[in-house]
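**Student:** Numbering (the UniProt record's numbering), first residue to last: 1 to 478.
Every residue gets a Cβ at the ideal spot worked out from N, C-alpha and C, and that includes glycine.
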Ligand SMILES: Cc1ncc(COP(=O)(O)O)c(C=O)c1O
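#1: Spatial neighbours of residue 472 within its chain, please: C-beta separation below 6 Å, excluding the five flanking residues on both sides.
#2: Skipping 5 residues on each side, what residues in its chain have a beta carbon closer than 6 Å to that of residue 133?
#3: Would the segment 305 to 315 count as touching the segment 158 to 166 if we require 3 or more Cβ pairs under 8 Å?
#4: Report the rounded CA-to-CA distance for residue 217 versus residue 150, giving the unit in angstroms.
#5: Given 6 Å as the limit, tell me if residue 241 has its C-beta closer than that to any heavy atom belonging to ligand 1.
#6: Taking only heavy atoms of ligand 1 into account, decide whether any of them is closer than 6 Å to the Cβ of residue 214.
#7: Using the Cα positions of residue 395 and residue 383, report the straight-line distance between them to the nearest angstrom.
#8: Does DSSP put residue 433 in a helix, a strand or coil?
#9: Thinking C-alpha only, which one of 73, 400, 76 is nearest residue 271?
#10: May I ask you to check if the CB of residue 272 is nearer than 6 Å to at least one heavy atom of ligand 1?
#11: Between which two residues does the alpha helix (DSSP H) containing residue 95 stretch?
#12: Straight-line CA distance for residue 332 to residue 347?
#13: By alpha-carbon positions, which one of 434, 338, 411, 393 ends up nearest to residue 327?
#14: Hey, is the segment 424 to 439 in contact with the segment 404 to 412, meaning 3+ C-beta pairs nearer than 8 Å?
#15: Please state whether the Cβ-Cβ distance between residue 269 and residue 442 is less than 7 Å.
#16: Alpha carbon to alpha carbon, how far is residue 372 from residue 41? Give it in angstroms, no decimals.
#17: If you run the structure through DSSP and keep just helix, strand and coil, what is residue 138?
#18: Please list the segments of the alpha helix (DSSP H) lying wholly inside the segment 158 to 237, counting only runs of 4 or more residues, in order along the chain.
#19: Give the DSSP bridge partners of residue 372, in chain order.
#20: Looking at the unbroken alpha helix (DSSP H) that takes in residue 352, where does it start and where does it end?
#21: Apply the 10 Å Cβ neighbour rule to residue 93 and answer buried if 16 or more other Cβ atoms are within range, or exposed otherwise.
#22: Quick check on the DSSP output: the alpha helix (DSSP H) that includes residue 305 runs from which residue to which?
#23: In the DSSP assignment, find the beta strand (DSSP E) that holds residue 275 and state where it starts and stops.
#24: Following a CB-centred definition, is residue 368 positioned closer than 6 Å to any heavy atom of ligand 2?
#25: With a CB to CB cut of under 6 Å and the five nearest residues on each side skipped, what residues in its chain are close to residue 111?
#26: Going by the CB atoms, is the gap between residue 344 and residue 219 shorter than 7 Å?
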């Protein structure tokens with residue numbers, strides 16, 4: 001209570017503030033259309049922004065404000081309260097009027113609105129992605145759908161890459177058109193002319209891509225897409241789930257970066273969470289009591305979950321380095337065995353040079369690779385041996401775990417897509433997506449992979465029987 005009283009007294013001295021995140025000017029342009037934004041109070045501070053954008057993500061994370069616990073703990077305290085008390089009734093009025101808030105007087109209303117622990121995690125995410133602000137949500141899909149609903153009003157238009165996670169594809173092709181009249185045009189996001197042709201100035205609100213696409217591992221040309229989107233007055237929203245630390249889309253021109261935090265950022269395969277990283281004006285607008293998609297749809301992250309995640313972010317750069325190192329080693333060796341491998345770290349990947357140019361130095365090419373086994377049957381047999389015979393990894397969707405996870409995308413995480421869209425996106429029925437883990441030693445894991453692959457070859461007596469059958473059949477024809 002003493003703390004609350006101190007906050008009230010301090011708050012009496014401050015000037016009215018409408019938005020909890022102070023704005024440094026990056027988000028001004030978000031306030032001019034239907035995104036629920038409002039005029040910003042603070043003048044732009046471009047030099048501070050430039051400094052933050054230049055930073056490497058690991059450096060920026062380490063430089064972010066360290067939150068200490070209530071009793072001097074090295075870890076921050078968890079603010080588990082759903083609601084927050086005040087000393088005087090008028091303080092409540094001022095909170096609801098937006099005169100008081102998290103950054104002035106450290107005052108909070110209710111945890112579906114800003115929560116101190118979730119906000120602290122948001123600051124770490126903003127540092128990671130080099131954005132002005134960030135806030136975290138209950139899942140990646142809630143982050144994506146809330147951002148799209150906030151930025152694209154009823155009847156608005158989205159230009160999206162045709163290579164997207166199946167759930168996002170379904171959201172854009174089915175759910176949003178059904179509930180809001182939002183339409184999407186799916187394009188080859190690498191084809192600048194196609195993107196330009198699809199963008200409708202004044203109608204298209206968002207260009208949407210994944211930095212490295214799920215599951216095909218195409219690398220988006222973020223600077224080009226940002227140019228095209230901005231020329232048409234649209235925002236570029238980039239899903240960076242596959243490549244946190246490895247690529248920083250906002251540092252390359254993206255307006256908003258979204259994450260499924262459930263993946264590499266969590267690293268534990270035990271939490272479902274999401275994040276929205278972008279201008280302060282967007283995050284504040286999304287928490288607006290009247291118009292905000294986060295405030296009104298309520299995909300709230302629990303403070304205890306936010307605490308858990310905030311403990312994992314500091315070792316994300318180390319984990320990503322090892323995911324990347326193992327994935328490159330496996331991709332190179334698999335290719336050496338004659339397998340059809342897609343990995344952006346391989347020199348023959350069509351976007352290898354692009355990722356090498358825009359990736360953050362020292363963090364590799366990411367932990368995801370794909371092996372095309374040709375048919376679903378062969379893909380399934382390989383995964384069966386890898387899990388059940390040699391213990392190389394686990395058959396499971398999702399990614400970013402310390403164990404290797406593998407799934408056949410066409411029949412799992414991309415099964416939402418109609419077959420013709422899957423084919424256009426380059427998802428063959430035999431595509432095995434692997435999230436390369438880092439437990440065990442690299443050589444131990446490689447030996448397990450080679451043993452499983454050897455089991456895919458039919459035994460010698462079966463090969464001979466097949467050859468005899470072929471010879472018989474050929475003899476009968478003659
Ligand atoms: C690239 C990508 N974005 C978003 C999502 C959705 O995230 P979540 O499962 O946390 O809702 C996924 C989930 O697989 C994904 O792979």
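**Tutor:** The relevant details are as follows:
#1: none
#2: Excluding sequence positions up to five before and after residue 133, its CB lies within less than 6 Å of the CB of 21, 126, 280, 283, all in the same chain and listed in chain order.
#3: no
#4: If I take the Cα positions, the gap works out to 28 Å.
#5: yes
#6: Yes, ligand 1 has a heavy atom inside 6 Å of this Cβ.
#7: 7 Å
#8: strand
#9: 400
#10: yes
#11: 89 to 96
#12: 10 Å
#13: 434
#14: Yes: the two stretches touch, three or more of their Cβ pairs being nearer than 8 Å.
#15: no
#16: Legend: pLDDT at residue 41 = 37, less than 50; position of this residue unreliable, no value from coordinates given.
#17: coil
#18: List check, alpha helix (DSSP H) in window: 166 to 170, 176 to 180, 192 to 198, 222 to 231.
#19: 340, 431
#20: 352 to 358
#21: Looking at its Cβ environment, which holds fewer than 16 other Cβ atoms inside 10 Å, residue 93 is exposed.
#22: 303 to 312
#23: 274 to 278
#24: In the structure shown, ligand 2 is absent; the only ligands present are ligand 1.
#25: 82
#26: yes
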